[in-house]
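Chains A and B, in that order, give the protein sequences.
Under the working numbering, residues 1 to 352 are what the first sequence spells out, in order.
Under the working numbering, residues 353 to 704 are what the second sequence spells out, in order.
C-beta: ideal position from N, C-alpha, C; glycine also.
Heads up: the structure comes next, in structure tokens.
Protein chains: 2
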Amino acid sequence: MAKQTHPTLLDIAKIAKVAPMTVSRVINESGYVSAEVRQRVRRAIDKLEYHPNALARSLKSQRTHVVGILLPDIKNPFSGELAGSIQQVLLERGYSAFLCTTEQSVQREQAGLSAFFDHRVAGIVVATLETKAGDEALERFTRRGMPIVSVGREPGLAVVDRVTANHWRGAFDAVEHLISLGHKRIAYIGASALHARRLRRFQGFCDALHEHGLDVRDEWIAGPAGDSGPGYSTLADGYAGMQRLLDLSRRPTAIFARNDFTAMGALSAARDRGLDIPGDIAIVGFDNVPLSAFTSPPLTTVEQPTAEQGRRAAQMLLERIEGEVEGEHREVSFDCRLIVRASTQTPAEQPE
Amino acid sequence: MAKQTHPTLLDIAKIAKVAPMTVSRVINESGYVSAEVRQRVRRAIDKLEYHPNALARSLKSQRTHVVGILLPDIKNPFSGELAGSIQQVLLERGYSAFLCTTEQSVQREQAGLSAFFDHRVAGIVVATLETKAGDEALERFTRRGMPIVSVGREPGLAVVDRVTANHWRGAFDAVEHLISLGHKRIAYIGASALHARRLRRFQGFCDALHEHGLDVRDEWIAGPAGDSGPGYSTLADGYAGMQRLLDLSRRPTAIFARNDFTAMGALSAARDRGLDIPGDIAIVGFDNVPLSAFTSPPLTTVEQPTAEQGRRAAQMLLERIEGEVEGEHREVSFDCRLIVRASTQTPAEQPE
DNA sequence: TGCATATATGGTAACGCTAACACATCGGCG
DNA sequence: CGCCGATGTGTTAGCGTTACCATATATGCA
């Protein structure tokens, strides 16, 4: 067992020849301490390289300065940027982050949430997809008075405040953009029809088609090969999905991909078949990852303000933690923005 | 102030009509407890949804089950994958992760390390670039008996165990691959000559050229525009660097990029100039990010086993924490692997 | 029957810190 | 001169948990 030993308040007190309480006062700059004693204590602190034990402090004060962040998977660039922006706000206000990624595992989700709870974090930011067990756990936590903010989740129960982007609208706009270019055969890549229903981006896709009198054809909805569930969709999923769509006798002329990586996979598959983008087939992505501006052709996509969402979520959480805000759940929704690049244009003539 | 209230051992003890110590025994499954009492206690625990306070436990037992992870920036896919693989091992062994990303800020690095220390983490995994202040802090921590494992860092001081990949060799192999194809004018994109010196990938690049009697020309070393330091190099850096190289009267015929994103930026810049890859100019990346197989053309690159490094680092750290291993610092180095794809081929004839 | 051992439970103190209170000493002022 | 508030320091207790010791009954065996 690697044993660590650390000096305590008492050690400092002995060296400075004062009571522990006085040392505490120096550290917290609270109460009265004479200049002379303060200096003596400071010197002892420096000498021993003393750092207060946050565990003991938290136990005594019944509050921590730690926030739990629950993310789906860290490879997803959305998660990364979110974590970074949340952390920035936390650090500025003297909080630290306890992080857990679930990687689609309910077990990991439970383990992570338990760890948060056991360590009595001051609050939690959740950015995972809803699960039954997860929602129940969160609900238990809120009953104990733990502030929670969700990011990018459906308006579920159990949650105090909610930050999200209008994915539905973003998808709607993207698909309407394709329609306005003259596309009538528009496919979706990113989740099976079964799982897609839960996704707002997919709903926006469907609603845009309906609004313009176009069909949502089942064969034009391409999920991952093994239908692995509603998790993040990858390059390989996009590639495989596009291949399936291109094998159809009645091909789509445009693709709405669930995210940029899926779009890039689709792009790659089309290119490998010798097709021209956007001449033969148009592609729209979602998320505006940095790379989307550098593909060939650059990808038309929808931007969601990820960092803003993270910052806002952190701020809202801290407001709850510090008791600046109480009462009703709050909801903040950010707009998405269509970014038209070269991967979309009017379709070539096609046989009906 | 959002106040949380949690039941304690004492609450359970009262309900189950036993002493707190007995409850503790039930929870930890230590010592003797009769079946009947155990059941009574269990029922009380379920009724109140009691969860032991990890803070109090840690304070008493003088050990935590929390590991600090210090990362450069989370957007970097290497960091993401590393964090994920470390976490997996930690969770399996009942540990949780305290995470901090430095984003090139010495101040954030210090704040993060202090937070780790104040919370008395059981150990630390560091994957940031060396800084003077950071090394000093780590050295102080080791003096206190805190186990530390570094990943991907130089063999610096202050650190117990070290996990790394042989970046030098990977770069050497990649450049030798270009040379074997007949390239003689090979450029580097990713850091200014000043900062590149510290990078093993750059050293491998230089050494390969020297070994084959080729020059390392200063004008063929392209760093980011503002020379922003040794941090991660981006798509935009690659794009801008390639533009500068293509403006030279004496152009390179091949590019060794510091990482895949830089390579993709370079690829994009070359394409925008109407150049053919690899016909006009060959490009090699580094890291084998998923996307590198899907660019056009797919990118020749060097793979480093990121997840293995993370898992190994976590294992080594846990071995130290649990006292299974003591004494001398250990070093583990993983091999990189050249992955030849379509972005490299024999150069076209060029005027000398 | 007596005594060692296994089984079962409780009491006390301590981990490191700080809120709350107690107790000084000092200057100022009616 | 006595009283008040400001200033400076110490004492006590408790946050929730568990290590350690004490106690009590049950069981086995000579």
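With 16 other Cβ atoms within 10 Å as the buried cut-off, status of residue i
i: serine 601/B; result: exposed
i: glycine 355/A; result: Since the first and last residues shown for chain A are 1 and 352, residue 355/A lies out of range.
i: glutamate 680/B; result: exposed
i: lysine 47/A; result: exposed
i: alanine 266/A; result: buried
i: glutamine 656/B; result: buried
i: proline 351/A; result: Low per-residue confidence applies at proline 351/A: pLDDT is 47, beneath 50, and the placement is therefore not dependable, though the value from the model is reported in the following sentence. It is exposed - the Cβ of proline 351/A has fewer than 16 other Cβ atoms within 10 Å.
i: threonine 346/A; result: exposed
i: alanine 174/A; result: buried
i: arginine 549/B; result: exposed
i: glutamine 459/B; result: exposed
Contact list for residue i against chain B, beta-carbon separation under 8 Å
i: threonine 5/A; result: Arg496, Gly497
i: arginine 140/A; result: Glu401
Chain B within 7 Å of residue i, Cβ atoms only
i: arginine 271/A; result: yes
i: glutamate 352/A; result: Bear in mind that the predicted position of glutamate 352/A carries a pLDDT of just 46, short of 50, making it too unreliable to give a figure here.
i: alanine 313/A; result: no
i: lysine 17/A; result: no
i: methionine 264/A; result: yes
i: leucine 91/A; result: yes
i: isoleucine 12/A; result: no
i: isoleucine 179/A; result: no
Candidates the options: closest to residue i by CA position
i: proline 224/A; options: Arg217/A, Leu235/A, Val216/A; result: Leu235/A
i: valine 389/B; options: Pro404/B, Asn405/B, Ile367/B; result: Ile367/B
i: valine 149/A; options: Thr346/A, Pro298/A, Gly323/A, Gly310/A; result: Gly310/A
i: phenylalanine 141/A; options: Arg120/A, Thr131/A, Val151/A, Lys132/A; result: Arg120/A
i: alanine 111/A; options: Arg610/B, Gln439/B, Ala621/B; result: Gln439/B
i: histidine 417/B; options: Arg43/A, Ser79/A, Phe116/A; result: Phe116/A
i: valine 641/B; options: Ala615/B, Gln391/B, Leu443/B, Ala408/B; result: Ala615/B
i: leucine 178/A; options: Gln243/A, Gln107/A, Thr253/A; result: Thr253/A
i: alanine 645/B; options: Phe286/A, Arg271/A, Ala307/A, Arg42/A; result: Arg271/A
i: asparagine 76/A; options: Arg162/A, Ser296/A, Asp260/A; result: Asp260/A
i: arginine 144/A; options: Val160/A, Thr131/A, Lys132/A; result: Val160/A
i: serine 585/B; options: Glu461/B, Lys536/B, Phe638/B; result: Phe638/B
i: arginine 553/B; options: Leu423/B, Gln459/B, Ile573/B; result: Ile573/B
i: histidine 212/A; options: Ile186/A, Arg198/A, Ser192/A; result: Ile186/A
i: alanine 191/A; options: Ala307/A, Thr5/A, Phe256/A; result: Phe256/A
i: leucine 442/B; options: Ser695/B, Val385/B, Ile673/B; result: Ile673/B
i: alanine 517/B; options: Ala665/B, Ala365/B, Met498/B; result: Ala665/B
i: valine 83/A; options: Glu308/A, Asp11/A, Glu326/A; result: In the sequence on display, residue 83/A carries alanine and not valine. When each option's Cα is compared against that of alanine 83/A, the closest is Glu308/A.
i: serine 466/B; options: Gln414/B, Glu482/B, Leu490/B; result: Leu490/B
Below-7 Å beta-carbon distance, residue i vs any chain A residue
i: lysine 536/B; result: no
i: proline 642/B; result: yes
i: leucine 434/B; result: no
i: leucine 587/B; result: yes
i: alanine 694/B; result: no
i: valine 515/B; result: no
i: lysine 484/B; result: no
i: alanine 574/B; result: no
i: isoleucine 633/B; result: no
i: alanine 463/B; result: yes
i: alanine 659/B; result: no
Under 9 Å by beta carbon: chain B residues contacting residue i
i: aspartate 118/A; result: His403, Pro404, Asn405, Ala406, Leu407, Arg409, Ser448
i: proline 77/A; result: Lys427, Pro429, Gly432
i: glutamate 103/A; result: Gly436, Gln439, Gln440
Partner residues on chain A for residue i, Cβ-Cβ distance less than 9 Å
i: serine 648/B; result: Leu267, Ser268, Arg271, Asp272, Thr295, Ser296
i: arginine 460/B; result: Gln87, Gln88, Leu91
i: tyrosine 591/B; result: Phe294
7 Å Cβ cut-off: residues of chain B touching residue i
i: leucine 99/A; result: Ala449, Leu451
i: alanine 115/A; result: Ser448
Is it the case that the region 684-692 of chain B contacts the region 495-507 of chain B, given that we only count it when at least three CB pairs across the two stretches are under 8 Å? no
Counting pairs of Cβ atoms below 8 Å between the region 450-463 of chain B and the region 86-102 of chain A, do you hit three or more? yes
Assess contact between the region 475-493 of chain B and the region 662-675 of chain B, defined as three or more Cβ pairs (one per stretch) separated by less than 8 Å. Is contact present? yes
Counting pairs of Cβ atoms below 8 Å between the region 625-633 of chain B and the region 550-560 of chain B, do you hit three or more? no
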